[in-house]
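Count the sequence shown with numbering that gives the first Met the number 0 and you get residues 0 to 155, in order. Note that CB positions come from ideal geometry on N, CA and C, so glycine has one too. Each remark here refers to the structure printed beneath this line.
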Amino acid sequence: MAKKRFDDSNCSVARALNQVGDWWSLLVVLHAMYGTRRFVDFQQELGIAKNILCDRLARLVDNGVLKKVDVGEHGSRFEYRLTEKGRDLFPVVIALRQWGNKWNPGSDDASLDLHDRTTGQPIQMVQVQNAEGEPITVRDVFVSGSPVPGTKKDSA
């Protein structure tokens, strides 16, 4: 059975999931953010089968999340590097990581906290903010074009 695609969806989340929506793709992106660049290193760090890794790397390159860079003589060695599009996934990956730490913590209690390179301080939780910079939750938003919850529609 073919996997459903959302290329023409009006939902940007669905369209984004077409490009990075399986666990291997996100883990490849995460490891690329941590500095992994070579095929053999992705395979070793992730414990992923070669055929699956080949597929995910090719998809991430095709979708512009990674770029394949020839760093060897005569095309014998390549690295995979994040593009701007890939680097823009940083807050998404960090939010998912923080959510996982909160709701599905590891059993060894050894959290791998991220720290700012400049200050050495732990990074803050990813938050959605309103126009004034105040934190908001899902209860504070509505989809534009739909009735605002708690208001009556004009019957005219």
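Check: Span separating the alpha-carbon of Val-70 from that of Tyr-33; Outcome: 19 Å
Check: Of the residues Val-140, Val-92, Asn-50 and Ile-135, the one placed nearest Ala-31, counting alpha carbons only; Outcome: Val-92
Check: Reduced DSSP category for Phe-77 - H, G, I as helix; E, B as strand; rest coil; Outcome: strand
Check: Proximal residues to Glu-44 (C-beta, below 8 Å), its chain only, five neighbours per side dropped; Outcome: His-30 and Thr-35
Check: Residues sharing a beta bridge with Asp-69, DSSP; Outcome: Phe-77
Check: Leu-59 beta carbon less than 7 Å from that of Phe-184; Outcome: Since the first and last residues shown for the chain are 0 and 155, residue 184 lies out of range.
Check: Rounded straight-line distance, which links the Cα of Pro-104 to that of Asp-6; Outcome: 34 Å
Check: Pro-104 in three-state terms, based on DSSP; Outcome: coil
Check: Counterpart residues of His-114 in DSSP-defined beta bridges; Outcome: Pro-121
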